[in-house]
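One structure is given below, encoded as structure tokens.
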Amino acid sequence: MAKEKLKVLMVEDNPTDALVVKKRLQKDSAFDYEVTHVVSGEEALLSMEKNSYNIVLLDYNLPKMGGMEMLAEIKRKNIEVPVIMITGQGDEIVAAQLIKEGALDYLPKRENYEDAVPFIIRKTIAEFRSKLERVRLQKEIALRKEELEKTNAKLTELDRMKSDFVANVVHELKTPLTIIKGNLDNIDQGLAGEVQAKQKEILGDVFKVINRLSRLINDLLDLSKIESGKMELNKEGLDIVALAGEVMETFEILAAGKKIGLVKEFPEKTVTVNADKDKLTQVFINLIGNAIKFTDKGSVTVRIIELQGEAQVEIHDTGPGIPQDQADKIFDKFVRVVAEKKEGTGLGLPIAKDIIVLHKGRIRVESESGKGSRFIFIMPK
Ligand SMILES: Nc1ncnc2c1ncn2[C@@H]1O[C@H](COP(=O)(O)OP(=O)(O)OP(=O)(O)O)[C@@H](O)[C@H]1O
Ligand SMILES: [Mg+2]
321 MAKEKLKVLM VEDNPTDALV VKKRLQKDSA FDYEVTHVVS GEEALLSMEK NSYNIVLLDY
381 NLPKMGGMEM LAEIKRKNIE VPVIMITGQG DEIVAAQLIK EGALDYLPKR ENYEDAVPFI
441 IRKTIAEFRS KLERVRLQKE IALRKEELEK TNAKLTELDR MKSDFVANVV HELKTPLTII
501 KGNLDNIDQG LAGEVQAKQK EILGDVFKVI NRLSRLINDL LDLSKIESGK MELNKEGLDI
561 VALAGEVMET FEILAAGKKI GLVKEFPEKT VTVNADKDKL TQVFINLIGN AIKFTDKGSV
621 TVRIIELQGE AQVEIHDTGP GIPQDQADKI FDKFVRVVAE KKEGTGLGLP IAKDIIVLHK
681 GRIRVESESG KGSRFIFIMP K
């Protein structure tokens, strides 16, 4: 393989020293050296402006412009080149200063110092190149970071616009729906004339759909409030045991209709958590409602356990369970396990989760397909 060409600028006022080093480099096999020799700093700077060098061997003890001044000039002119300073005997003390000024390395002119020149060149070139690579990578990383930040800002803005849009649309749907429901209520109550049995039956079906629609609208409004950070919590000291009991009572008829047992496993005493009553009620409704909806036989159990600084609520059912690979996804909006043919939109769990997280609590599900589900949430006290 052809050797890599290395352009060396040697700044050396002593012709013998220059010749010795040149000869030594010719014997070295690492590079194909092309040495340009100049005898003063002034000449070196001129040459560096016209040519580009891979490395500079700079004599510290030059007449007129000395090595230190040269370094400063190279820096001032922004010339990116590694410099090895050749110091005289006893000049080693200035070494630290040289490095600080930008020399990559230094070599004292001892007996046979020329033998060390190829090694120090190799080392300096390797260091210089890895430094360049590091700088290049850092720049690239900074650029990428900037791009990502811009994209992220754009996405956040788009997401906000989308949320605002949804919130507005949903809000606009609410008013006409309320009017429709009010008018149908009037008809249903006979205010517009006698209602016949068949008409009542049809009205009953329409009311079911209206209720579903109005629940969906409220869910979407809740979610958009949470997502935009506008949902406020009115926290108070709440007995979570009593609250769970109240919500369970409202489900008794539904459960009895499906012949499903509703079981309480509550502690004897009250367990107080610091929470928003309406929101926490919503969490119980969504979780217990799901448990009853998806369970066709067996029972639904609500268990409350008092922990250190926290209350743990578990809702177990004997329903179909949730396949492992779906367990994380069901907390996302509009996700429904395909196998289920029950009514719903897929908003109940995301709302419950958002409310719990807003309270700095957490929720998870443990389930195996066919073995029932166990939703567990933990609320800080
Ligand atoms: N107790 C459960 N047993 C089995 N699957 C469940 C249970 N709870 C939730 N799931 C699954 O998770 C999905 C998401 O539940 P989520 O409450 O968010 O929506 P949904 O009940 O389908 O609709 P919505 O709550 O909006 O009326 C459900 O569609 C169902 O597939
Ligand atoms: Mg649900």
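Counting with the working numbering, you get residues 321 to 701 for the letters of the sequence shown. Every residue gets a Cβ at the ideal spot worked out from N, C-alpha and C, and that includes glycine. Please read all numbers here as calculations on a predicted model, not as lab measurements.
{"query": "Bridge-paired residues (DSSP) for V340", "result": "In DSSP, V340 forms no bridge with anything."}
{"query": "As assigned by DSSP and simplified to three states, the class of N472", "result": "helix"}
{"query": "Three-state secondary structure (DSSP) of I292", "result": "No statement about residue 292 is possible, as the shown extent of the chain runs from 321 to 701 and does not include it."}
{"query": "Meets three-Cβ-pair contact criterion under 8 Å: the stretch 665 to 677 and the stretch 542 to 555", "result": "yes"}
{"query": "Reduced DSSP secondary structure (H/G/I, E/B, other) of K325", "result": "strand"}
{"query": "Per DSSP, the bridge partner or partners of V583", "result": "T621"}
{"query": "Segment contact flag, the stretch 450 to 464 with the stretch 509 to 523, C-beta cutoff 8 Å, min 3 pairs", "result": "no"}
{"query": "Ranges of the beta strand (DSSP E) found wholly within the stretch 487 to 567, counting only runs of at least 3", "result": "555 to 559"}
{"query": "Counted within 10 angstroms of its Cβ, other Cβ atoms place H636 as buried (16 or more) or exposed", "result": "buried"}
{"query": "First through last residue of the alpha helix (DSSP H) which encompasses Q417", "result": "A415 to E421"}
{"query": "Nearest-angstrom Cβ-Cβ length linking G361 and K384, presumed shorter than 8 Å", "result": "7 Å"}
{"query": "Among K661, V561, E467 and M330, nearest to N594 - alpha-carbon criterion", "result": "V561"}
{"query": "beta-carbon L669 near ligand 3 non-hydrogen atom, thresh 8 Å", "result": "As far as ligands go, the structure on display features ligand 1 and ligand 2 and does not contain ligand 3."}
{"query": "For S687, three-class secondary structure by DSSP", "result": "strand"}
{"query": "Buried or exposed (CB count within 10 angstroms, at least 16 for buried), G692", "result": "buried"}
{"query": "Rounded separation between F351 and K429 - CA only", "result": "22 Å"}
{"query": "Which of helix, strand or coil DSSP assigns to D637", "result": "strand"}
{"query": "Proximal residues to V490 (C-beta, below 6 Å), its chain only, five neighbours per side dropped", "result": "I537, L540 and L541"}
{"query": "Cβ neighbour criterion (16 or more within 10 Å) applied to D645", "result": "exposed"}
{"query": "Contact test: T601 Cβ vs ligand 1 heavy atom, cutoff 8 Å", "result": "no"}
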